[in-house]
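Following: one structure in C-alpha cells, then a few remarks.
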Amino acid sequence: MRPPLRAVAMLAATAALVTACNSGDDWSQPRPAPSAVGTLGPGFVDPSTRPAPEATITPQPGSWSGVHPPKDYRVVLLTAGGDAPTKALVTAVKEWAGDEHVDLRTIVVGNAHDAVPSIAEAMEMGPDLIVSAGNDLIDPLALVTPSHLDEKFLVVGAELAEPTHNVTAVDWDGASFRGEGLGASSTYDPASFTGERCAAAIRAGVAAVLNDLTGIVIWL
Numbered sequence: 205m206r207p208p209l210r211a212v213a214m215l216a217a218t219a220a221l222v223t224a225c226n227s228g229d230d231w232s233q234p235r236p237a238p239s240a241v242g243t244l245g246p247g248f249v250d251p252s253t254r255p256a257p258e259a260t261i262t263p264q265p266g267s268w269s270g271v272h273p274p275k276d277y278r279v280v281l282l283t284a285g286g287d288a289p290t291k292a293l294v295t296a297v298k299e300w301a302g303d304e305h306v307d308l309r310t311i312v313v314g315n316a317h318d319a320v321p322s323i324a325e326a327m328e329m330g331p332d333l334i335v336s337a338g339n340d341l342i343d344p345l346a347l348v349t350p351s352h353l354d355e356k357f358l359v360v361g362a363e364l365a366e367p368t369h370n371v372t373a374v375d376w377d378g379a380s381f382r383g384e385g386l387g388a389s390s391t392y393d394p395a396s397f398t399g400e401r402c403a404a405a406i407r408a409g410v411a412a413v414l415n416d417l418t419g420i421v422i423w424l
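Using the numbering used here, you'd call the opening residue of the sequence shown number 205 and step up by one each time.
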C-alpha cells in the first residue's frame, strides 16, 4: 500500500462506500492479471495497426459483444452526481456487473470538490479496473491518473482532455464532457444517455481494456 494514498484515503469521509461482492473475495490476495473471455469482432479496430495514444476509434456496433470479463473481475465503480445521465450510467454498469458475474464495489462521492480522496480509496482497494461515471469526476481524475500509471481507469459518458495510457473513455455525440476548463460539448444532450447507449458504453469500454487497447477514446 502506498503510504501517501493511505493517508489520503483516510480523509474520504465524504464518500459512501457500498459493497456488492459476488464471490466473497476480500481482494487482499494478489492474482494474475485478468484476461478477456472471447474475442473482439470484425470492425472494432483495424487489426493491422494499434491505435495511437489519445486516438479516437469508432468500432462497428456490437463488435465488442463477444468479449466478456472473467468471473469475479474486480471493478470499483466511482460515481458522483445525481443527474439523470449519471444515474443512467450507474444503472448500466450495475446491470452489466450482474450479467457478467463481476465483483463490483461502488464508491459514491458525496462532495465532488473533494473527490481525490475517493479516487485514492478506490485504488487502495486493489481492483482490476476503476470505472468512472459522472462529469464531476473528470477534473479530479485528470489530476490523479498521470501519477498512477499502473491503475486502469475507464470513463463512461465523458473523457479526459489529455488521457495517459491507463485511461480509456467511451463517448458519443451528446456526451463528451472533458473538464471544467473546456466545459460541455456544444452538442451535449442529457437525453442521449439512453439505457441502450450506456450499456454499450460499459461493454465496449471493458472489451477494449481487456484487450489492452487503452489510452484511447471509443466513439459510439
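Every residue, glycine too, gets a C-beta built ideally from N, C-alpha and C.
Just so we're clear, the structure is a prediction, and the values are computed from it rather than from any experiment.
{"Asked": "Starting from the Cα of P289, find the closest Cα among L244, N415, A405 and L333 and give me that residue.", "Found": "A405"}
{"Asked": "Identify every residue that forms a DSSP beta bridge with D354.", "Found": "None; D354 has no bridge partner."}
{"Asked": "At a cut of 8 angstroms, does the region 308 to 326 reach the region 398 to 414 through at least three beta carbon pairs?", "Found": "no"}
{"Asked": "Okay, do the region 285 to 304 and the region 249 to 258 touch, 3+ Cβ pairs below 8 angstroms being the bar?", "Found": "no"}
{"Asked": "Can you tell me whether L417 is helix, strand or coil according to DSSP?", "Found": "coil"}
{"Asked": "According to DSSP, what are the bridge partners of W300?", "Found": "BP columns for W300 are empty, so no partner."}
{"Asked": "Is the CB-CB distance between I420 and G409 below 8 angstroms?", "Found": "no"}
{"Asked": "Buried or exposed for S239, please, with buried defined as at least 16 other CB atoms from any protein chain shown within 10 angstroms of its CB.", "Found": "exposed"}
{"Asked": "Looking only at C-alpha atoms, which of P263, D307, A379 and E355 sits nearest to T368?", "Found": "E355"}
{"Asked": "Could you round the C-beta distance between V360 and L282 to whole angstroms and report it? I think they count as a contact, below 8 angstroms.", "Found": "V360 to L282, Cβ: 11 angstroms. No contact."}
{"Asked": "Using C-beta distances below 6 angstroms, list every residue in its chain close to V371, excluding the 5 sequence neighbours before and after it, in chain order.", "Found": "T349, F357 and L364"}
{"Asked": "With a threshold of 7 angstroms on Cβ separation, who are the neighbours of G378 within its own chain once the five nearest residues in sequence on each side are excluded?", "Found": "T391, Y392, D393 and S396"}
{"Asked": "Look at the alpha carbon of L414 and the alpha carbon of V241, and state the distance between them as a whole number of angstroms.", "Found": "9 angstroms"}
{"Asked": "What do you get for T418, buried or exposed, if any count of 16 or more other CB atoms within 10 angstroms of its CB means buried?", "Found": "buried"}
{"Asked": "Just how far apart, CA to CA, sit S269 and G314?", "Found": "34 angstroms"}
{"Asked": "Per DSSP, what are the beta-bridge partners of H272 in this structure?", "Found": "V241"}
{"Asked": "Mapping DSSP to helix, strand and coil, what is G409?", "Found": "helix"}
{"Asked": "Determine the closest residue to E328 out of S380, S267, V280 and I342, with distance taken between C-alpha atoms.", "Found": "V280"}
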